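First the structure, in the form of structure tokens, and then the observations on it.
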Amino acid sequence: MDILHIQKLNKIFLKATHDKLPISYKLGVLVLLISLLGLSAPHQTIALDSEAELQAIVFVQGDQYEYLNLLKELAEKNYRIDKLKNELNKQRTLAGAVRVYLEAYRSPLAGHVETLIKARNWKKIVALANAESSLCRNYPETTANCWGVGGSDLWVMGSNLDEGILAMDEFLITSPKKSEIKYTDMSFEQMNGLYKQPARDHWVENTLMIYNDLEAIENNLAGNSI
Numbered sequence: 001m002d003i004l005h006i007q008k009l010n011k012i013f014l015k016a017t018h019d020k021l022p023i024s025y026k027l028g029v030l031v032l033l034i035s036l037l038g039l040s041a042p043h044q045t046i047a048l049d050s051e052a053e054l055q056a057i058v059f060v061q062g063d064q065y066e067y068l069n070l071l072k073e074l075a076e077k078n079y080r081i082d083k084l085k086n087e088l089n090k091q092r093t094l095a096g097a098v099r100v101y102l103e104a105y106r107s108p109l110a111g112h113v114e115t116l117i118k119a120r121n122w123k124k125i126v127a128l129a130n131a132e133s134s135l136c137r138n139y140p141e142t143t144a145n146c147w148g149v150g151g152s153d154l155w156v157m158g159s160n161l162d163e164g165i166l167a168m169d170e171f172l173i174t175s176p177k178k179s180e181i182k183y184t185d186m187s188f189e190q191m192n193g194l195y196k197q198p199a200r201d202h203w204v205e206n207t208l209m210i211y212n213d214l215e216a217i218e219n220n221l222a223g224n225s226i
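In terms of my numbering, the sequence shown opens at residue 1 and continues consecutively.
See the structure below:
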């Protein structure tokens, strides 16, 4: 009996055997075959589930980072806004206090405190005005120069005191032209004999009196804001 004949007999035998099996056995065989087929599928299913979970985790982490960055930006923005508000409140308070002080002396500078307190040398500007023109009460208004700059031939520093204040601030920062040390960094004692010619002791006294008052006002407000 050749091999081909044997294979045919086996197929016939298996088919006949399967046909004669009870229905319960047939169902058992079917379940077994399905379970065997499933052995090759779980790793793929697990891999798909793991990949989906990983993407979900990355997505959640990405959302968290974006959310934290948004919170950081909002916090920084609020900090800048609060800082700006505090600075504006300080300027308003200082402007009010300086205005009251200057009004007590009937100084025209009282009407220009908003411009004045923004100047780098605002205290020195007021102090020099006291020594040179009694706090801008006595000066040629057409020059907007109540600081004696130019001596007998006063410089025109603007068309009004706001312009004059800004021009005076710039003058103190940039003059004397040939000196490494500018007026902005000099004491009144150092300026006496250079800015004020000839030097006079009462000139220093008149500047220091006002300067010290203004410094006390500023320091008092700074202390109260702490």
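Where a beta carbon is used, it is the ideal one built from N, C-alpha and C, also for glycine.
Values in this document were obtained by computation on a predicted structure and should not be read as measured data.
By a C-beta neighbour count over all protein chains shown, 10 Å radius and 16 as the cutoff for buried, is residue i buried or exposed?
| i | result |
| --- | --- |
| residue 45 | Caution is warranted here: a pLDDT of 46 is assigned to residue 45, below 50, making its placement in the model unreliable, and the coordinate value is therefore given only provisionally. Label assigned to residue 45: exposed. |
| residue 107 | buried |
| residue 201 | exposed |
| residue 93 | exposed |
| residue 65 | exposed |
| residue 178 | exposed |
| residue 128 | buried |
| residue 117 | buried |
| residue 210 | buried |
If I measure Cβ to Cβ from residue i and keep anything under 7 Å in the same chain, skipping five residues before and after, which residues do I get?
| i | result |
| --- | --- |
| residue 171 | 149 |
| residue 7 | Its pLDDT being 43, under 50, residue 7 is placed unreliably in this model, and the coordinates cannot settle the point. |
| residue 189 | 204 |
Could you check whether the Cβ of residue i sits closer than 7 Å to any heavy atom belonging to the ligand GTP?
| i | result |
| --- | --- |
| residue 207 | This structure lacks the ligand GTP; in fact it carries no ligand of any kind. |
Keeping to the same chain, check which residues put their C-beta closer than 6 Å to that of residue i; ignore five residues upstream and five downstream.
| i | result |
| --- | --- |
| residue 155 | 145 and 149 |
| residue 168 | 125 and 147 |
| residue 115 | 162 and 165 |
Give me the residue from the options with the minimum Cα distance to residue i.
| i | options | result |
| --- | --- | --- |
| residue 152 | 167, 132, 168 and 164 | 132 |
| residue 120 | 113, 197, 213 and 173 | 173 |
| residue 137 | 68, 219, 110 and 81 | 110 |
| residue 219 | 157, 69, 80 and 97 | 97 |
Ends of the alpha helix (DSSP H) at residue i?
| i | result |
| --- | --- |
| residue 161 | 161-174 |
| residue 219 | 201-224 |
| residue 181 | Premise fails: residue 181 is in no alpha helix (DSSP H) and is neither H nor E. |
| residue 122 | 122-133 |
| residue 115 | 113-116 |
Which residues does DSSP list as the beta-bridge partners of residue i?
| i | result |
| --- | --- |
| residue 89 | Residue 89 is not bridged to any residue. |
| residue 192 | 196 |
Spatial neighbours of residue i within its chain, please: CB distance less than 8 Å, with the 5 preceding and 5 following residues excluded, ordered by chain position.
| i | result |
| --- | --- |
| residue 182 | 172, 173, 174, 175 and 176 |
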